[in-house]
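Enquirer:
There are 2 protein chains.
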Amino acid sequence: VSLDPAAAGVLGTVRIVGTGLLGTSIALGLRSLGVEVVLSDPSPTALALARDVGAGQPDRGDRPVSLVVVGAPPDVTAQVVVTELAEHPEATVTDVASVKGGIAAAVRAAGGDVSRYVGGHPMAGRERSGPVAARADLFLGRPWVVCPSESAGPGDLPVDLSGGVPARVETVRRLATALGATPVLMAAQDHDEAVALISHVPQIAASLVAARLVKIGDPAVGLAGQGLRDVTRIADSDPALWAQILAANATPVRRALRDLRADLDAVIDALAALGEPADAAIGARAALARIVAEGRSGRERIPGKHGEPLTVYEVVTTLVPDRPGQLARLFDDIGEAGINVEEFALEHAPGQKVGLAGVSVLPAARAALEHALAERGWHVVA
Amino acid sequence: VSLDPAAAGVLGTVRIVGTGLLGTSIALGLRSLGVEVVLSDPSPTALALARDVGAGQPDRGDRPVSLVVVGAPPDVTAQVVVTELAEHPEATVTDVASVKGGIAAAVRAAGGDVSRYVGGHPMAGRERSGPVAARADLFLGRPWVVCPSESAGPGDLPVDLSGGVPARVETVRRLATALGATPVLMAAQDHDEAVALISHVPQIAASLVAARLVKIGDPAVGLAGQGLRDVTRIADSDPALWAQILAANATPVRRALRDLRADLDAVIDALAALGEPADAAIGARAALARIVAEGRSGRERIPGKHGEPLTVYEVVTTLVPDRPGQLARLFDDIGEAGINVEEFALEHAPGQKVGLAGVSVLPAARAALEHALAERGWHVVA
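Structural data, given as structure tokens:
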């Protein structure tokens, strides 16, 4: 996983419009590969900051650009794309907004030259925003969806690669590859439906579950375990930004939420039926089990690391004193035993000055790991 | 965190009814502390297995018991408690079921001596079940809710400890303490409302989100990131067991889910309004932002490690080659720098043979960690 100078070498001069986190990170990455980068932002402060962190020089309009990357906020991206298409009549124009169908439609409706617009969505980000938080390597190892704007409907893709990828699509793919990302070709509508299910619906679910805790008492919330923490982790999000993202993908998200509400209604009805005579209650338990079973089937669809099918790892849990150096000792011991850690999680029990470390390994390695840890004095608990 | 022989010393002979994972784990822990334990289970196989792993001898009824722990499945727990109260007229009887109000009510309705029944809920478990999966230290560092059955309503607790805790409640608290758990006194109804919000509603939400993925395409699910994985992790659960758990806590769960559905309806209505004239759309964006903001407020209620208020840690992310020994090297380097790791997560990007390690530290330690890692050749990315 690294930046790719070969892919960067053919990009020509790149104009970055919008020097926020994503735009500036792209600029930094390209600059580190020797690509000529010029910058533009309606905010003089943001522009100056991006220049100061080494992202390139403000665009004086004195040289032709071959690629424009629009890193504007989602609600103005389409308008900026249309302007850039008109002002740079030879250039390929791409963007980084997290919803794609509406932008392509708006560009088309405004009479923009859609043959030169190729939508993009690098699936990377961080908690902080703005040019100062930017990193040349923000996109390393992340998927970067590339949506040719001609393909408005589902099923248009994958493009038939036997005849080669259209040149402007290939340019955006090279941009992604240059920055160490994995380009993924998708139709805009397919992308939007996908992010509704894998990103927007989970966000709403996390927020709705977490919202139930606003009025909970201290003793009750003190019982919270890792399950609640996992489900609600992404609820710690920016409301204004998410209102914009959800609004931009309103139709696919609404459709998915209506399906979810139908299942939720079934759960609520089943719970209500449990007060009824025995027959109704038996059916109610079956309905509850069905929802949980469907969730398990859906969970199995999520690929594991490296994009391979999900492997069911085995978790070995051990106690770790809460002091510097203890995790180093743990991983030393695991490494000495020649065992590869697939996943790792550290959890702390309430009121206790000790952590529970969950080490996930391939099932075949479980016994060896338990043995190695016990032999080295670790307290393996599960 | 350890087993507590002093607390165990006063328990007398303990009878375990139901030698599944929890019952057998309790038996193993008590035996390791020198407590006399006798076992009972309707399944001769489960009973023999528990004896064989060292959990104690089958109860021949030839000695008086002072404490009975009922580890039966939730749907028969109340009935077993009633039987045990009758057959051991001096003993304190407790249980380990995950829902408490219904059991206390059923015991009372059946004419059981509720003055000797003290409900319990050790908040521990593992993926595997049965006596062979049992561990003496399963409860180390976990909360163990203790519900005196006299307190059926909310607000009865905390008990006024100035006059001391009732003796039978104290016995169950000592059981929890002996096994290294943290006893938490709560009224049964408060407990059930708490677990509805912190365990049962998150479980349903995770299942509902994961169920949306059953029909998703491979390219779409390939975009899944850590957010989706976190939200759906607990969806990988046993449908039959969860049907039983949810059914046993039907009223509090239904109430919480109806509140959740009202918020969900507001989201769906807001998304629908975005196709309307501009005024409606502005109100819709505000409604979406409100839901996300409420979720963030609720999320802030979840305590962090050690039961202290949630500290907002800073995350330093670094690339880790996917080979044995690399995590050891990472934690060696962190330990050498004298930095304490608060939380740790390992993530893998699709298609890439490298992991992203997120090291959470106190804000004050962030710069030192970044410096220490960079100095030692680590590729810090965020």
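Line order of the protein sequences matches chains A and B. The first sequence begins at 234 in this note's numbering and counts up by one. The second sequence begins at 234 in this note's numbering and counts up by one. All C-beta atoms in this analysis are idealised placements derived from N, C-alpha and C, irrespective of residue type, glycine included.
Out of curiosity, what's the CA-to-CA distance linking Ala411(B) and Asp237(B)?
Expert: Residue numbering aside, residue 411(B) sits at position 178 when the second sequence is read from its first letter. Residue numbering aside, residue 237(B) sits at position 4 when the second sequence is read from its first letter. Roughly 4 angstroms separates the two Cα atoms.
Enquirer: Are the CB atoms of Val405(A) and Gly345(A) within a distance shorter than 8 angstroms?
Expert: Start at 1 with the first residue of the first sequence, and residue 345(A) comes out as number 112. Start at 1 with the first residue of the first sequence, and residue 405(A) comes out as number 172. Against a cut-off of 8 angstroms, the Cβ pair of Val405(A) and Gly345(A) comes out as no contact.
Enquirer: Any Cβ of chain A within less than 8 angstroms of the Cβ of Asp463(B)?
Expert: Here residue 463(B) refers to the residue found at position 230 when the second sequence is read from its first residue. With 8 angstroms as the cut-off, Asp463(B) counts as an interface residue toward chain A.
Enquirer: Is Arg248(A) near the ligand NAP - that is, is its Cβ less than 7 angstroms away from at least one heavy atom of it?
Expert: The model depicted lacks the ligand NAP and carries no ligand whatsoever.
Enquirer: Less than 7 angstroms between C-beta atoms, sequence neighbours within five positions excluded: which residues of the same chain meet that for Val326(B)?
Expert: Here residue 326(B) refers to the residue found at position 93 when the second sequence is read from its first residue. So the list reads Val301, Val303, Val314, Glu317, Leu318, Arg349, Tyr350, once near-sequence residues are dropped.
Enquirer: Quick check: what's the CA-CA separation for Leu563(B) versus Gln559(A)?
Expert: Taking the first residue of the second sequence as position 1, residue 563(B) is located at position 330. Taking the first residue of the first sequence as position 1, residue 559(A) is located at position 326. Distance between the alpha carbons of Leu563(B) and Gln559(A) is about 12 angstroms.
Enquirer: Using a C-beta to C-beta distance shorter than 8 angstroms, which residues of chain A count as neighbours of Val614(B)?
Expert: For the purposes of this step, residue 614(B) is identified with residue 381 of the second sequence, where counting begins at 1. Under the 8 angstroms cutoff, chain A gives Arg368, Asp370, Leu371, Leu373.
Enquirer: Would you please verify whether the beta carbon of Ser470(B) is less than 8 angstroms from any beta carbon of chain A?
Expert: If you number the second sequence from 1, residue 470(B) lands on position 237. For Ser470(B), the answer is yes, since a Cβ of chain A falls inside 8 angstroms of its Cβ.
Enquirer: Identify whether Leu244(B) lies in helix, strand or coil by the three-state DSSP scheme.
Expert: By 1-based counting over the second sequence, the position of residue 244(B) is 11. Leu244(B) falls in the coil class under three-state DSSP.
Enquirer: Since Leu300(A) is in the alpha helix (DSSP H), which residue starts that stretch and which ends it?
Expert: In the first sequence, the residue the question calls residue 300(A) occupies position 67. Unbroken run through Leu300(A) is the beta strand (DSSP E), 300-303; no alpha helix (DSSP H).
Enquirer: Measure the alpha-carbon distance for Ala240(A) versus Ile249(A) and round it to whole angstroms.
Expert: Taking the first sequence and counting its residues from 1, the one referred to as residue 240(A) is at position 7. Taking the first sequence and counting its residues from 1, the one referred to as residue 249(A) is at position 16. The straight-line gap from Cα to Cα measures roughly 18 angstroms.
Enquirer: List, in chain order, every chain B residue whose beta-carbon is nearer than 9 angstroms to that of Ser432(A).
Expert: Residue numbering aside, residue 432(A) sits at position 199 when the first sequence is read from its first letter. Correct list: Leu456, Ala457, Gly458, Gly460, Leu461.
Enquirer: Going by DSSP, what residues sit across from Ala590(B) in a beta bridge?
Expert: As a position in the second sequence, residue 590(B) is number 357, starting the count at 1. Note: Ala590(B) sits in a beta bridge opposite Thr551(B), Leu579(B).
Enquirer: Please name the residue in Leu446(B), Ile535(B), Val378(B), Ile524(B) whose C-alpha comes closest to that of Arg529(A).
Expert: Counting from 1 along the first sequence, the entry for residue 529(A) is found at position 296. For Arg529(A), the nearest C-alpha among the options comes from Leu446(B).
Enquirer: Please name the residue in Ala520(A), Asn573(A), Leu254(A), Val553(A) whose C-alpha comes closest to that of Tyr546(A).
Expert: On the first sequence, residue 546(A) is found 313 positions in, with the first residue counted as 1. When only C-alpha atoms are compared, the closest one is Asn573(A).
Enquirer: Residues of chain A with CB under 7 angstroms from Ser530(B), in chain order?
Expert: By one-based count along the second sequence, residue 530(B) stands at place 297. Per Cβ cutoff of 7 angstroms: Val447.
Enquirer: Confirm, please, whether the CB-CB distance from Pro322(A) to Leu461(B) is below 8 angstroms.
Expert: By one-based count along the second sequence, residue 461(B) stands at place 228. By one-based count along the first sequence, residue 322(A) stands at place 89. No, these two residues do not count as a Cβ contact at 8 angstroms.
Enquirer: If you draw a straight line from the C-alpha of Ala590(A) to the C-alpha of His612(B), how long is it?
Expert: Reading the first sequence from its first residue, position 357 is the one you call residue 590(A). Reading the second sequence from its first residue, position 379 is the one you call residue 612(B). Ala590(A) and His612(B): Cα-Cα distance of roughly 24 angstroms.
Enquirer: Which residues of chain B have a Cβ atom closer than 7 angstroms to the Cβ of Glu576(A), listed in chain order?
Expert: Walking along the first sequence from the start, residue 576(A) turns up at place 343. Within 7 angstroms Cβ-Cβ: Leu579.
Enquirer: Mind listing, in chain order, the continuous alpha helix (DSSP H) runs of no fewer than 4 residues lying wholly within the region 332-383 of chain B?
Expert: Here the runs fully enclosed are 334-342.
Enquirer: In whole angstroms, give me the CA-to-CA distance for Val553(B) and Leu552(A).
Expert: Mapped onto the second sequence, residue 553(B) falls at position 320. Mapped onto the first sequence, residue 552(A) falls at position 319. Looking at the two C-alpha atoms, the distance is approximately 24 angstroms.
Enquirer: When the Cβ atoms of the region 503-520 of chain A are set against those of the region 450-470 of chain B, are three or more pairs found closer than 8 angstroms?
Expert: No, they do not touch.
Enquirer: Return the chain-ordered list of same chain residues with a C-beta closer than 6 angstroms to the C-beta of Ala357(B), the five sequence neighbours on each side being excluded.
Expert: Sequence index remark: in the second sequence, residue 357(B) carries index 124 (1-based). Once the five neighbours on either side are set aside, the close Cβ partners of Ala357(B) are Leu371, Phe372, Arg375.
Enquirer: Does any CB atom of chain B fall closer than 8 angstroms to the CB of Ala489(A)?
Expert: If you number the first sequence from 1, residue 489(A) lands on position 256. Interface residue, yes.
Enquirer: Between Pro596(A) and the rest of its own chain, which residues show a CB-CB distance below 6 angstroms, the 5 nearest in sequence each way excluded?
Expert: As a working note, residue 596(A) is residue 363 in the first sequence. Here the set comprises Glu547.
Enquirer: Could you check whether the region 243-261 of chain A touches the region 280-292 of chain A, counting it as contact only if at least three pairs of C-beta atoms, one from each stretch, sit closer than 8 angstroms?
Expert: Counting Cβ pairs under 8 angstroms, three or more are found: they touch.
Enquirer: Using only alpha-carbon positions, find the residue among Asp274(B), Ser440(B), His433(B), Ala305(B) that is nearest to Arg293(B).
Expert: For the purposes of this step, residue 293(B) is taken as the residue at position 60 of the second sequence. If we check each option's Cα against that of Arg293(B), Asp274(B) comes out closest.
Enquirer: Listing by chain order, which chain B residues have their CB less than 8 angstroms from the CB of Arg518(A)?
Expert: Taking the first residue of the first sequence as 1, we reach residue 518(A) at position 285. Simply Ala476, Gln477, Ala480.
Enquirer: Could you confirm whether any beta carbon from chain B is found closer than 8 angstroms to the beta carbon of Ser331(A)?
Expert: Residue 331(A) sits at position 98 when you count from the first residue of the first sequence. Not one chain B Cβ lies under 8 angstroms of Ser331(A).
Enquirer: Distance cutoff 8 angstroms, beta carbons only. Does Pro364(B) sit that close to anything in chain A?
Expert: Translated into positions along the second sequence, residue 364(B) becomes position 131. Closer than 8 angstroms: no.
Enquirer: Given this structure, state the Cα-to-Cα distance separating Gly588(B) from Asp295(A), to the nearest angstrom.
Expert: If you number the second sequence from 1, residue 588(B) lands on position 355. If you number the first sequence from 1, residue 295(A) lands on position 62. So the two alpha carbons sit approximately 42 angstroms from each other.
Enquirer: For Pro557(A), which residues in chain B fall below 7 angstroms Cβ to Cβ?
Expert: Walking along the first sequence from the start, residue 557(A) turns up at place 324. Near Pro557(A) (Cβ distances below 7 angstroms), the residues of chain B are Gly568, Gly571, Ile572, Asn573.
Enquirer: Near Val243(A), what residues of its chain come up, given a Cβ to Cβ distance below 7 angstroms and the 5 sequence neighbours on each side ignored?
Expert: Counting from one through the first sequence, the residue named residue 243(A) turns up at place 10. These residues qualify, in order along the chain: Arg407.
Enquirer: Below 6 angstroms CB to CB, which residues in the same chain sit around Val442(B) once its five sequence neighbours on both sides are set aside?
Expert: Start at 1 with the first residue of the second sequence, and residue 442(B) comes out as number 209. Val464, Thr465.
Enquirer: For Asp423(B), return the contacting residues in chain A, with the cut-off set at a CB-CB distance below 9 angstroms.
Expert: As a working mapping, residue 423(B) is identified with position 190 in the second sequence. Those within 9 angstroms of Asp423(B) in chain A are Gly450, Pro452, Ala453.
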